[in-house]
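Engineer: Numbering (the numbering used here), first residue to last: 6 to 244. We put the CB at the ideal spot given by N, CA and C, even for glycine.
Structure representation (structure tokens):
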């Protein structure tokens, strides 16, 4: 439940000033971990294209643009960096399906309850887990709506207060090639992985790609949240 020290570096990923400076310096666009093409089967399975979607920690990624091209009609994008939001507003001012607001995910009270059918977070939870007061920040974020495997993510996701049923999926990192003759513990990347009562991988489970990405699909009543998390940094899809 503490800060993921092993997965963090000297950068303060939980600080808006860090991201403002980074976006000014880099410009362009960047998608953490997986592109939409890889995540599409999960997104389309759990989030209808007619849903009002919240993209948490949108940064300068093109995932929202790809989702609109795939038929999604209403995506609200939020990020703590005003630099990123201003950049994306200018870039997509001609696409009415995409809206942008500067916001801290730890306080999204501007939105009434049940404002969205789907929430997607690709990397924001990881950033918070690398910042100060990580457990508090994570609770604030998840209450509003990585390097991190199930041992450091599940304790947050399975808290009784959220009342989520969590399914775990595992997909390899982009470009991963399975060694010849290697048998996999995973029948299909689109099938959930059996987990223990504590939400962890079975002791006998073997990861074919040690740097794989974890996807958490959490259901709450008729609302669903999916969270794609790298083995060490989070890529979160929240519904």
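(1) Sort 47, 196 and 109 by Cα distance to residue 86 and report the nearest one.
(2) Using beta-carbon positions only, say whether residue 96 and residue 81 come within less than 8 Å of one another.
(3) Taking the runs of the beta strand (DSSP E) that are 3 residues or longer, which of them lie wholly in the segment 21 to 107?
(4) Between 221, 157 and 205, which lies nearest to residue 169 when the distance is taken from Cα to Cα?
(5) Are the Cβ atoms of residue 206 and residue 155 separated by less than 8 Å?
(6) In the DSSP output, which residue or residues are listed as bridge partners for residue 173?
(7) What do you reckon, are the CB atoms on residue 126 and residue 58 nearer than 8 Å?
(8) Please report the residue range of the beta strand (DSSP E) in which residue 154 lies.
(9) With H, G and I counted as helix, E and B as strand and the rest as coil, what does DSSP make of residue 125?
(10) Write down the C-beta distance between residue 66 and residue 36 rounded to the nearest angstrom, noting that I regard them as a contact closer than 8 Å.
(11) DSSP three-state label for residue 144, please.
Structural biologist: The relevant details are as follows:
(1) With distances taken between Cα atoms, residue 86 lies closest to 109.
(2) In this structure, residue 81 does not lie closer than 8 Å to residue 96 by Cβ.
(3) If we require 3 residues or more, the beta strand (DSSP E) runs fully inside the segment 21 to 107 come out as 57 to 61, 79 to 84 and 103 to 107.
(4) Among 221, 157 and 205, the Cα nearest to that of residue 169 belongs to 221.
(5) Contact: yes.
(6) According to DSSP, residue 173 bridges with 198 and 221.
(7) Cβ distance not < 8 Å, so residue 126 and residue 58 don't count as in contact.
(8) Where residue 154 is concerned, there is no enclosing beta strand (DSSP E), given that its DSSP letter is neither H nor E.
(9) DSSP, read as helix, strand or coil, puts residue 125 in strand.
(10) Yes, residue 66 and residue 36 are in contact; Cβ-Cβ is about 4 Å, under 8 Å.
(11) Correct three-state label for residue 144: helix.
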